[in-house]
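Count the sequence shown with the numbering used here and you get residues -19 to 118, in order.
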Amino acid sequence: MKEKISATWLKGLAFETEVDGHKIYMDAMADNGGQNTGPRPKPLMLVALAGCTGMDVVSILRKMRQEVESFSVDVEGDITEEHPKHFSGMKVIYRLKGKDLSMEKVEKAVELSKSRYCGVSHNYKDSFSIAHEIILEE
-19 MKEKISATWL KGLAFETEVD GHKIYMDAMA DNGGQNTGPR PKPLMLVALA GCTGMDVVSI
41 LRKMRQEVES FSVDVEGDIT EEHPKHFSGM KVIYRLKGKD LSMEKVEKAV ELSKSRYCGV
101 SHNYKDSFSI AHEIILEE
(Lines of atoms letter the chains of each structure in order from A and count residues from 1; the text may use other names and numbers.)
(Lines give C-alpha, C1' and ligand atoms only; values in the text may rest on other atoms or scores of the structure.)
Protein backbone atom coordinates (compact mmCIF):
# COMPACT_ATOMS: atom_id res chain seq x y z
CA MET A 1 0.00 0.00 0.00
CA LYS A 2 1.22 3.52 -0.79
CA GLU A 3 0.17 7.05 0.08
CA LYS A 4 0.97 9.80 -2.39
CA ILE A 5 0.42 13.52 -2.55
CA SER A 6 1.61 16.15 -4.97
CA ALA A 7 2.33 19.73 -3.91
CA THR A 8 2.06 22.29 -6.70
CA TRP A 9 3.94 25.57 -6.49
CA LEU A 10 1.57 28.52 -6.87
CA LYS A 11 3.81 31.59 -6.49
CA GLY A 12 6.32 33.00 -4.05
CA LEU A 13 6.65 30.23 -1.46
CA ALA A 14 3.02 29.06 -1.64
CA PHE A 15 2.09 25.48 -2.49
CA GLU A 16 -1.23 23.72 -2.91
CA THR A 17 -1.91 20.07 -2.29
CA GLU A 18 -4.94 17.86 -2.11
CA VAL A 19 -5.38 15.23 0.58
CA ASP A 20 -8.38 12.89 0.44
CA GLY A 21 -10.22 15.38 -1.77
CA HIS A 22 -9.48 18.37 0.50
CA LYS A 23 -7.26 21.22 -0.67
CA ILE A 24 -4.54 22.42 1.65
CA TYR A 25 -2.46 25.52 1.05
CA MET A 26 0.99 25.97 2.58
CA ASP A 27 3.04 29.13 2.65
CA ALA A 28 5.76 30.91 4.56
CA MET A 29 5.28 34.00 6.68
CA ALA A 30 5.88 37.36 4.98
CA ASP A 31 9.09 37.79 7.01
CA ASN A 32 10.46 34.69 5.27
CA GLY A 33 9.41 35.58 1.72
CA GLY A 34 5.89 34.17 1.69
CA GLN A 35 2.45 35.76 1.79
CA ASN A 36 1.05 33.79 4.76
CA THR A 37 -1.74 32.24 2.64
CA GLY A 38 -1.58 28.94 4.51
CA PRO A 39 0.07 27.12 7.39
CA ARG A 40 3.73 26.20 7.49
CA PRO A 41 4.63 22.50 6.99
CA LYS A 42 6.03 21.81 10.49
CA PRO A 43 2.80 22.75 12.34
CA LEU A 44 0.97 20.33 10.03
CA MET A 45 3.10 17.60 11.63
CA LEU A 46 1.52 18.54 14.97
CA VAL A 47 -1.93 18.43 13.35
CA ALA A 48 -1.21 14.96 11.95
CA LEU A 49 -0.29 13.61 15.38
CA ALA A 50 -3.29 15.24 17.10
CA GLY A 51 -5.72 13.86 14.52
CA CYS A 52 -4.24 10.38 14.45
CA THR A 53 -4.11 9.80 18.20
CA GLY A 54 -7.37 11.67 18.79
CA MET A 55 -9.29 9.43 16.40
CA ASP A 56 -7.75 6.37 18.03
CA VAL A 57 -8.60 7.41 21.58
CA VAL A 58 -12.21 8.35 20.78
CA SER A 59 -12.73 5.08 18.92
CA ILE A 60 -11.20 2.99 21.70
CA LEU A 61 -13.17 4.77 24.43
CA ARG A 62 -16.41 4.19 22.52
CA LYS A 63 -15.62 0.46 22.44
CA MET A 64 -14.99 0.65 26.20
CA ARG A 65 -18.44 2.22 26.61
CA GLN A 66 -17.04 5.44 28.03
CA GLU A 67 -19.37 8.45 27.67
CA VAL A 68 -17.13 11.22 26.34
CA GLU A 69 -18.89 14.60 26.24
CA SER A 70 -15.96 16.70 25.06
CA PHE A 71 -12.43 15.86 23.98
CA SER A 72 -9.51 17.84 22.65
CA VAL A 73 -5.91 17.02 21.86
CA ASP A 74 -3.19 19.65 22.21
CA VAL A 75 0.24 18.95 20.74
CA GLU A 76 3.25 21.05 21.65
CA GLY A 77 6.49 20.74 19.72
CA ASP A 78 10.00 21.80 20.69
CA ILE A 79 11.95 23.08 17.67
CA THR A 80 15.73 23.31 17.53
CA GLU A 81 17.43 26.68 17.01
CA GLU A 82 19.98 25.41 14.47
CA HIS A 83 19.35 24.45 10.85
CA PRO A 84 17.80 22.29 9.76
CA LYS A 85 15.23 23.42 12.33
CA HIS A 86 13.33 20.32 13.38
CA PHE A 87 11.28 18.92 16.22
CA SER A 88 13.37 17.63 19.12
CA GLY A 89 10.33 16.52 21.12
CA MET A 90 6.56 16.72 21.34
CA LYS A 91 4.01 16.60 24.12
CA VAL A 92 0.45 15.39 23.58
CA ILE A 93 -2.15 16.66 26.05
CA TYR A 94 -5.52 14.90 26.09
CA ARG A 95 -8.40 16.86 27.67
CA LEU A 96 -11.58 14.88 28.29
CA LYS A 97 -14.89 15.51 29.93
CA GLY A 98 -17.62 12.95 30.37
CA LYS A 99 -19.94 11.13 32.68
CA ASP A 100 -18.06 8.77 35.00
CA LEU A 101 -14.95 8.60 32.80
CA SER A 102 -12.47 6.06 34.09
CA MET A 103 -8.89 7.37 34.22
CA GLU A 104 -7.71 3.78 33.93
CA LYS A 105 -9.62 3.28 30.68
CA VAL A 106 -8.48 6.62 29.27
CA GLU A 107 -4.87 5.73 30.09
CA LYS A 108 -5.31 2.37 28.36
CA ALA A 109 -6.81 4.05 25.27
CA VAL A 110 -3.88 6.50 25.10
CA GLU A 111 -1.37 3.68 25.54
CA LEU A 112 -3.01 1.61 22.79
CA SER A 113 -2.95 4.60 20.45
CA LYS A 114 0.69 5.29 21.27
CA SER A 115 1.99 1.73 21.09
CA ARG A 116 -0.27 0.02 18.57
CA TYR A 117 -2.58 2.11 16.40
CA CYS A 118 -1.30 5.63 15.66
CA GLY A 119 0.94 5.41 12.60
CA VAL A 120 1.97 9.05 12.91
CA SER A 121 3.21 8.50 16.45
CA HIS A 122 5.00 5.37 15.29
CA ASN A 123 6.80 7.33 12.56
CA TYR A 124 7.80 10.13 14.92
CA LYS A 125 8.96 8.03 17.90
CA ASP A 126 12.34 7.14 16.40
CA SER A 127 13.11 10.79 15.66
CA PHE A 128 12.21 12.43 18.99
CA SER A 129 10.54 11.78 22.31
CA ILE A 130 6.78 12.11 22.69
CA ALA A 131 5.38 12.78 26.16
CA HIS A 132 1.72 12.35 27.08
CA GLU A 133 -0.54 14.00 29.64
CA ILE A 134 -4.20 13.26 30.39
CA ILE A 135 -6.52 15.84 31.98
CA LEU A 136 -9.99 14.75 33.06
CA GLU A 137 -12.14 17.83 33.44
CA GLU A 138 -15.19 18.10 35.69
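No residue lacks a Cβ here, since even glycine has one placed at the ideal position from N, Cα and C.
Predicted model, so just to flag it, every value in this text is computed and none were measured.
Look at the Cβ atom of L29, then the Cβ atom of V72, and state whether they are nearer than 8 Å. Taking 8 Å as the Cβ cut-off, L29 and V72 qualify as a contacting pair.
State yes or no: is the C-beta of I104 within less than 8 Å of the C-beta of M70? The sequence as given places Tyr at residue 104; Ile does not occur at that position. Pairing Y104 with M70 gives a Cβ-Cβ distance under 8 Å.
Does the distance from the C-beta atom of V48 to that of Y74 stay below 8 Å? The Cβ atoms of V48 and Y74 do not sit closer than 8 Å to each other.
For G69: DSSP bridge partner residues: BP columns for G69 point to D58, S109.
Taking the alpha-carbon of E56 as reference, which of M9, A8, S68 has the nearest alpha-carbon? The residue from M9, A8, S68 with its alpha-carbon nearest to that of E56 is S68.
Does S101 pass the burial test, meaning 16 or more other C-beta atoms within 10 Å, or should it be called exposed? With at least 16 other beta carbons inside 10 angstroms of its own, S101 counts as buried.
Would you call the CB atoms of E(-2) and Y5 closer than 8 Å? Not closer than 8 Å, so no.
Compare the beta carbon distance of L(-7) and D11 with 8 Å and say whether it is the shorter of the two. Result no, Cβ atoms of L(-7) and D11 do not sit closer than 8 Å.
For L81, which of I114, L24, K(-18) has the nearest alpha-carbon? It is I114 whose Cα lies nearest to the Cα of L81.
I think A89 touches I40, with their Cβ atoms under 8 Å apart; what is that distance to the nearest whole Å? Their Cβ separation, rounded to whole angstroms, is 4 Å, which keeps A89 and I40 in contact under 8 Å.
R75 in three-state terms, based on DSSP: In this structure, R75 counts as strand in the three-state DSSP scheme.
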